Structures are given as structure tokens and as C-alpha cells.
Amino acid sequence: MAEPTLLRQRVDPDRVEDLREWIAEVRTRPDEHVETLRNEGVYTETAFLERIDGDPYLTYYLETESVAAVFEAFENSEFDIDAEHEAVMREVLESGENVADAEVLYHQVNPDRPAEVVRDD
2 MAEPTLLRQR VDPDRVEDLR EWIAEVRTRP DEHVETLRNE GVYTETAFLE RIDGDPYLTY
62 YLETESVAAV FEAFENSEFD IDAEHEAVMR EVLESGENVA DAEVLYHQVN PDRPAEVVRD
122 D
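Now the structure itself:
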């Protein structure tokens, strides 16, 4: 059964535009992005830029069988986009620490969900 996960990391306020530029770059490389999701065993990945008490946070929603397997696959990845992502994250995040404190209360997927749901705005 898929495991929904919320990850939140604090972004350096001076590097928010660098983060936006990187995410824009990733969105121009959907084939590579999907290839890494498959490699990591991620079914769904959504990234949000949140402001909490005025501070910027990068928040991810992941749907996967194993978060530990995702991190292991990412750490051992040979994909260029993953190496680039890691380099950018080292620059824009204040630390790699996950500061989310979220408990899954339920996770339900509509069985009529289309095979591909992409929001690109």
C-alpha cells in the first residue's frame, strides 16, 4: 500500500528565486523527472513553496511504497537531474532537515482518477 509522506525543509530567504528557477528547469525536463520517480519508486510527487510565519519552506508531498527506499535510490542515483537537484538543494536550503511534523490521518484515492493528472501552471 502506498505511503503518503509530507517533507518540509526551510529555504534560505535570499535563495527563493534560485529555487524557483531550478523548479522551472525541472519542469522543462519531464522525461528525466519521471525516470527518476520510477527509479525511486515514487508514484506522486508534489512540491510546494510555503510561507510559515513569513519564512519560506519547500514542502513535498510524496506517495510511495517506502520513503527509505526513495532516499536510498536518490543517494545512489546516476541521473544527471538528481545530481543537479542535490547541488541546488545544498545551495538553497538552510539545512536538509525535515521539519514537517505531520501524522497521516487517512489517504484515499478516487478509483476514477485518470491515469495521468498533471497540473502545469
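Our numbering numbers the first residue of the sequence shown as 2 and each following residue consecutively.
Beta carbons are placed, not taken as given, at the ideal position from N, Cα and C, and that holds for glycine.
Predicted, not measured: the structure shown is a model, and the values here were computed from it.
- The C-alpha of H86 lies about 19 Å from the C-alpha of E64.
- Secondary structure at A70: helix, using DSSP grouped into helix, strand and coil.
- Taking C-beta separations shorter than 7 Å and ignoring five residues to either side along the sequence, the partners of D83 in its chain run T37 and F75, following chain order.
- For L38, there is no enclosing beta strand (DSSP E); the enclosing alpha helix (DSSP H) covers residues P31 to E41.
- In the same chain as R16, and ignoring 5 residues on each side of it, the C-beta atoms closer than 6 Å to its own belong to V93, in chain order.
- In this structure, L7 lies near T60, with their beta-carbon atoms less than 8 Å apart.
- As computed with DSSP, I53 is found in a beta bridge with D56.
- Under the 10 Å beta carbon count, V35 is surrounded by fewer than 16 other beta carbons and is classified as exposed.
- Residue range V17 to R28 is occupied by the alpha helix (DSSP H) that includes L20.
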